[in-house]
Each structure stands twice: as C-alpha cells, then as structure tokens.
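Quick notes on the structure that follows.
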Amino acid sequence: MIVYDEAKEFLKKVPPFQFLDEETLYGIIPYLRLEFYPKGTVILEEGGKSSEFLYLIKKGAVKITLRGENGEEMLVDMRGEGETFGLWSLIEGQQQTTVKTLEDTLC
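For the sequence shown, the tail end lands on 107 under full-length UniProt numbering, and the numbers increase by one without skipping.
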C-alpha cells in the first residue's frame with residue numbers, strides 16, 4: 001500500500017522511530033494523522049489544552065515560544081521537516097509553550 005510505505009519511510013528518518021523495526025512501524029501508522037496548518041496558525045497554545053498527539057513535521061516549520069514574566073514572547077526553539085513537537089504536553093498533561101507555524105505546515 002503506497003500510503004503505508006510512504007509513512008513508513010518518513011518515520012524511518014525521525015528519531016526515535018528510526019530505531020524501530022518495520023513491523024512496529026506498520027503498527028504505529030494507523031494512529032498517525034496528517035493535517036495542514038496555514039502560515040501563522042497557532043497549533044498549541046501556552047496554558048491551553050494539552051496535546052493529544054505527538055506531531056511530526058512532514059513539511060514546513062514552526063516556532064515554539066513561551067511568555068516571560070513581563071508578557072514578552074521568548075523563542076524556545078524552531079522545528080522543521082522531520083522534527084517533532086508536543087511530546088512534553090503529552091507527558092505532563094499541560095501545554096507550557098505556544099507552537100505557531102512559520103510557513104504552511106503539514107504535520
């Protein structure tokens with residue numbers, strides 16, 4: 001199946017999935033979801049609902065920020081193709097940063 005093979009090849013390039021065998025990768029694929037976010041979209045918001053997903057960026061880029069004591073936006077990180085975000089939100093059950101697309105993004 002083309003879609004499964006494409007997803008498997010993508011996952012094989014992304015840590016920590018790159019270390020998994022094919023059978024395990026194929027088991028993960030049904031749980032993946034791919035969505036398009038236009039440039040400037042806030043995907044996750046600091047203080048908002050926690051993430052239900054680990055996001056894998058297939059195409060595009062995001063910036064991860066948090067608010068300082070004076071309310072100023074502080075850049076934490078930028079992520080691009082093949083990188084992930086949302087893991088800490090999944091683990092901690094709360095969203096501590098804002099993730100916003102820097103360009104049209106597919107993840």
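Heads up, the beta-carbon is just placed ideally off N, CA and C, and yes, glycines get one too.
* Asked: If you drop the 5 nearest sequence neighbours on each side, which residues of the same chain put their C-beta closer than 8 Å to that of residue 128?
  -> Because the chain in this structure spans residues 1 to 107, residue 128 falls outside the shown range and cannot be described.
* Asked: Quick one, are the C-beta atoms of F17 and L106 less than 8 Å apart?
  -> Not a contact, by the Cβ cut-off of 8 Å.
* Minimum Cβ-Cβ distance from V76 to chain D less than 8 Å -> Within the model displayed, chain D is absent; a lone protein chain is all it includes.
* To do: Provide the residue(s) that pair with T101 in DSSP beta bridges, ordered along the chain.
  => The partner list for T101 (beta bridge, DSSP) reads V62.
* Asked: Is E52 near Q95, with beta carbons less than 8 Å apart?
  -> No, they are not a contact pair.
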